[in-house]
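Everything on this sheet refers to the single structure shown next.
Chains as they are written, first to last, in the working numbering: chain Z, 20 to 452; chain F, 8 to 248.
Here it is, written out as structure tokens:
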């Protein structure tokens, strides 16, 4: 059956289109633009929060999220740089601290290690993914009664590319500020869901838990667990309880230790922020370029291969005597083959380009890693030294408080089992008598 | 009848004098009777032991001091043989006060160190920001709008309006700010950097970025000048290719 002219022209056009598409793809017309993100507003305090409801917050340095069983190559593939992650775990905790503090919704907000436990609200988390192009965290928030406000919730965000435009923009706003604002807003929502009485209870429980840890003999029995497993205030100590007064003095020092450690982390974050911001920006650019190159590579190789195959495999549609048709068909086949081949080769080159960007990112990361690793060691060393000193001090204070308690109350238990009161006349005298 | 009483008193006095008594005070049954017996004040504190020692009477033998607690109490209070409970408490309180004082001193030192490091860094940053500000930072539009969301740099959360200090006033040394932090260092004055236009760094490659960073962080004015010049020259050459 003879092919109609329409069909012949249609196939020719199809081949030509394929070839052109391949050439266009080779020309890099497949592009994606990333746009600045809309800013997520932080929920600010719009009224003065009563003192006894103003909760203190401690943010623990995040878990670096380094899979334990992967070798260096596998970590590289996942874009995980262990030393950078360790630095980020402290840096991100500081960023979240700053966000919480700037909301005005909380009392004292500090970054402190996991040894700081007697706090109204504790924030902990893990880094799931962190590059200049994406940040993903898993966050948990609990209060001192054991109530879980946020349970291992995932937060993730692309960057606000506006922050990457200049160093000043980077300094003014973290590219992932939206993520921290989201966490802060969720914490406020969880807190506001609690009645005022519960919020006051949290503060009392924190105080009594600290006292119970420091002076268990004197300060136990004030807390109890309810049927839900939450810690509740069973009774309160007397306002002039001498042990409670001394415990409060020690608690002020505890607060000062946490403040000091917070200062270490703040300085650490300040120190690394510029380099880290620049690394992030470079990371974002390289990842974008790599991704773009990979997308182009795929598009070009697929289209190119399709064009070549089409030019080769589509059967001859023209009559041997229809010279015009033959010419058009030949041109279309050549166009498809040449365009397809060019696209295919271009695609292969794009794969190579993608590898170059990946390699550039790896080198930048290694440079930054070597810069930041000693800073991490320094801040951790100082923190351990101070908290170790504090722990030793608490041990001594525990002993003193226990001694004071015994002096003020007599010997426990043994006092009750002592012999009957001594008679007015010495027994020995009577016996001797 | 009086003779056994006198013997008892004599033996008690001898034992007390020999320093055998060590137990805490127990109301003395014989205190009123002793009257002019001339018992030394320590005798009033340890009559039980004296009685036990004199009569070897198991009925009046007081229990041995509790193991851990009072043992620790005496260790913590450094109680001597003649101290009353009040005195021991005062001694422990004093030790607690001294301990708190010395710990405060350690914390003060650490906080001063932290504050000094922070101030030094801010002074350096202020210097580099001044140099950058004279550069072509034309696209800093997001800096202004984002400024309200930037986390505060102050590490102490004691802004009076929002979070009135919950704890008793802390040692203010942690809030130390050196006077230099408020001033803008003039390390760029007179070195020609102000006369030169520093290119925008948004299109920097790796080398340019590192040069720029080194120039920003350098505190020595001469080196800073040289680094900026290196950076500018590199950018010119890179753009000229």
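From the three backbone atoms N, C-alpha and C, an ideal C-beta is built for every residue, glycine too. Note that the structure is predicted; figures quoted are calculated from it, not measured.
Same chain, Cβ closer than 8 Å to residue i, neighbours up to 5 away in sequence not counted
i, result
"residue 241 (chain F)", "214, 215 and 218"
"residue 294 (chain Z)", "387, 390 and 391"
"residue 156 (chain F)", "Low per-residue confidence applies at residue 156 (chain F): pLDDT is 44, beneath 50, and the placement is therefore not dependable, though the value from the model is reported in the following sentence. Contacts found: none."
"residue 288 (chain Z)", "109, 110, 113 and 114"
Three-way DSSP call (helix, strand, coil) for residue i in this model
i, result
"residue 254 (chain Z)", "coil"
"residue 91 (chain F)", "coil"
"residue 295 (chain Z)", "helix"
"residue 340 (chain Z)", "coil"
"residue 148 (chain Z)", "strand"
"residue 318 (chain Z)", "helix"
"residue 390 (chain Z)", "helix"
"residue 129 (chain Z)", "strand"
"residue 458 (chain Z)", "This structure cannot settle anything about residue 458 (chain Z), because the visible part of chain Z is limited to 20 through 452."
"residue 185 (chain Z)", "coil"
"residue 245 (chain Z)", "coil"
"residue 93 (chain Z)", "helix"
"residue 79 (chain Z)", "coil"
"residue 272 (chain Z)", "helix"
"residue 158 (chain Z)", "strand"
"residue 345 (chain Z)", "helix"
"residue 71 (chain Z)", "helix"
"residue 170 (chain Z)", "strand"
"residue 175 (chain Z)", "strand"
"residue 333 (chain Z)", "coil"
"residue 237 (chain F)", "helix"
"residue 327 (chain Z)", "helix"
"residue 62 (chain Z)", "coil"
"residue 141 (chain Z)", "strand"
"residue 234 (chain Z)", "coil"
"residue 363 (chain Z)", "helix"
Where residue i falls, given that 16 or more other Cβ within 10 Å makes a residue buried
i, result
"residue 407 (chain Z)", "exposed"
"residue 46 (chain F)", "Reliability of the predicted coordinates at residue 46 (chain F) is poor, the pLDDT of 40 falling under 50, and no value is obtained from them."
"residue 421 (chain Z)", "buried"
"residue 425 (chain Z)", "buried"
"residue 520 (chain Z)", "With chain Z covering 20 to 452 only, the question about residue 520 (chain Z) has no answer from this structure."
"residue 365 (chain Z)", "buried"
"residue 286 (chain Z)", "buried"
"residue 290 (chain Z)", "buried"
"residue 395 (chain Z)", "buried"
"residue 105 (chain F)", "exposed"
"residue 69 (chain Z)", "exposed"
"residue 340 (chain Z)", "exposed"
"residue 156 (chain Z)", "buried"
"residue 358 (chain Z)", "buried"
"residue 227 (chain F)", "exposed"
"residue 494 (chain Z)", "Shown here, chain Z extends from 20 to 452; a query on residue 494 (chain Z) therefore has no answer."
"residue 112 (chain F)", "exposed"
"residue 475 (chain Z)", "The structure shown does not extend to residue 475 (chain Z), since chain Z is modelled only from 20 through 452, so no value can be given for it."
"residue 140 (chain Z)", "buried"
Any non-hydrogen atom of the ligand NAP closer than 7 Å to residue i Cβ
i, result
"residue 222 (chain F)", "Absence of the ligand NAP from the depicted structure is noted, as is the absence of any ligand whatsoever, leaving it without description."
Cβ shell of residue i (< 6 Å), same chain only, five flanking positions each side left out
i, result
"residue 116 (chain Z)", "78, 128 and 130"
"residue 401 (chain Z)", "283"
"residue 218 (chain Z)", "72"
"residue 189 (chain Z)", "182 and 296"
7 Å Cβ shell around residue i - same chain, five flanking residues per side excluded
i, result
"residue 258 (chain Z)", "none"
"residue 373 (chain Z)", "309, 312, 313 and 316"
Proximal residues of chain B, C-beta to C-beta of residue i below 8 Å
i, result
"residue 412 (chain Z)", "Reference to chain B is not applicable here, since the protein chains of this structure are Z and F."
Using Cβ-Cβ distances below 8 Å, what residues of the stretch 280 to 314 of chain Z are close to chain F?
281, 282, 283, 285, 286, 289, 290, 293, 294, 297 and 301
Using a Cβ-Cβ cutoff of 7 Å, what residues of the stretch 175 to 201 of chain Z are near chain F? List them in chain order.
181, 182, 184, 185, 186, 187, 188, 191, 192 and 196
Could you tell me whether the stretch 288 to 300 of chain Z touches the stretch 324 to 331 of chain Z, where touching means 3 or more Cβ pairs closer than 8 Å?
no
Contact between the stretch 266 to 284 of chain Z and the stretch 400 to 420 of chain Z: three or more CB pairs below 8 Å?
yes
Short of 7 Å Cβ to Cβ, which residues in the stretch 120 to 133 of chain F face chain Z?
121, 124, 125 and 128
Along the stretch 96 to 122 of chain F, where does the CB come closer than 8 Å to a CB of chain Z? Name the residues.
96, 99, 100, 102, 103, 106, 107, 110, 111, 113, 114, 117, 118, 121 and 122
Would you call the stretch 235 to 255 of chain Z in contact with the stretch 69 to 79 of chain Z, where contact means no fewer than 3 C-beta pairs closer than 8 Å?
no
For the 8 Å Cβ check, are there 3 or more pairs between the stretch 330 to 340 of chain Z and the stretch 169 to 189 of chain Z?
no
With three or more beta-carbon pairs closer than 8 Å as the criterion, would you say the stretch 204 to 213 of chain Z touches the stretch 233 to 249 of chain Z?
no
If contact is defined by three or more beta carbon pairs under 8 Å, each pair taking one atom from either stretch, is the stretch 193 to 206 of chain Z in contact with the stretch 170 to 178 of chain Z?
yes
Near-chain F residues of the stretch 393 to 407 of chain Z - C-beta to any C-beta below 7 Å:
405
Do the stretch 217 to 233 of chain Z and the stretch 81 to 100 of chain Z make contact, defined as three or more Cβ pairs closer than 8 Å?
no
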